[in-house]
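Below is one structure; the comments refer to it alone.
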Amino acid sequence: NAGVTQTPKFQVLKTGQSMTLQCAQDMNHEYMSWYRQDPGMGLRLIHYSVGAGITDQGEVPNGYNVSRSTTEDFPLRLLSAAPSQTSVYFCASSPYDSNQPQHFGDGTRLSIL
Amino acid sequence: AQKITQTQPGMFVQEKEAVTLDCTYDTSDQSYGLFWYKQPSSGEMIFLIYQGSYDEQNATEGRYSLNFQKARKSANLVISASQLGDSAMYFCAMREYNNNDMRFGAGTRLTVKP
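Structure below.
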């Protein structure tokens, strides 16, 4: 009963490095999303997808890239890491119906030095 | 653009008492859903309760109830008979049916005192 799996759980990067945060779900959910959580600001939506091949920008998309080649996977790419991207990142998924709650992964704690 | 406001950064409640966490929202859509999540210190996001904009009755889930006042655009969470394990961050969120992206408030940190 895996649900939403995020890897890695922790990561330290140097400024300018790139990396990919992985997210996979095994519930056949159409909707997947990425959030970042910073103190005092709640969760802010980075990108989301309503199905394979379809992605859209959220509230804070700059510096991040996503793709959705399969229903199960929704990786988040940091193109050139900046200290301002130090945060906790959450991936979530749900059925397409927007009356359904999102299921969250355990988060990735990312530090950019 | 939708917006969620939680005006209480922190709240304290005595064990076994009830507490209300405030949430107001702003949307021009008629169809939307409101959600509350709990985030304990371990960091995971736990879904608590859902209210649809067309639901006429307030949602309830065990000790959680949602005080939904559509005209005032508020969706307050009421926790009855607070327990020490209720100490956590609580987030209000909204998802518009046409827009399909879920937005969160800044959260309220609830501390339950023994």
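Line by line, the protein sequences are chains A and B. The first sequence begins at 7 in our numbering and counts up by one. The second sequence begins at 328 in our numbering and counts up by one. Using N, Cα and C, we set each Cβ at its ideal position, and we do this for glycine too.
| Query | Result |
| --- | --- |
| Contact set between P14 of chain A and chain B, taken where Cβ atoms lie within less than 8 Å | Here the premise fails: no neighbours, minimum Cβ distance about 15 Å. |
| Contact under 8 Å by Cβ, L119 of chain A with K20 of chain A | yes |
| Stretch pair the segment 72–88 of chain A + the segment 48–58 of chain A: three plus CB contacts closer than 8 Å | yes |
| In chain order, each beta strand (DSSP E) run of at least 3 residues that lies wholly inside the segment 27–95 of chain A | 37–43, 49–57, 60–63, 70–72 and 82–84 |
| Interface flag, M47 of chain A vs chain B, CB-CB below 8 Å | yes |
| Counted within 10 angstroms of its Cβ, other Cβ atoms place L411 of chain B as buried (16 or more) or exposed | exposed |
| Cβ of G144 of chain A within 8 Å of any chain B Cβ | Here chain A has residues from 7 to 119 only, and residue 144 of chain A is not among them. |
| Beta carbon proximity, N71 of chain A to chain B, threshold 8 Å | no |
| C-beta neighbour in chain B for F110 of chain A, strict 8 Å | yes |
| Exposed unless 16 or more other CB atoms sit within 10 angstroms - verdict on N403 of chain B | buried |
| Contact list for the segment 36–69 of chain A against chain B, Cβ threshold 8 Å | Y37, S39, Y41, G46, M47, G48, L49, R50, L51, Y54, V56, D62, G64 and E65 |
| CB contact flag (D62 of chain A, C29 of chain A, <8 Å) | no |
| Members of the segment 80–105 of chain A near chain B, C-beta cut-off 9 Å | V94, F96, A98, S100, Y102, D103, S104 and N105 |
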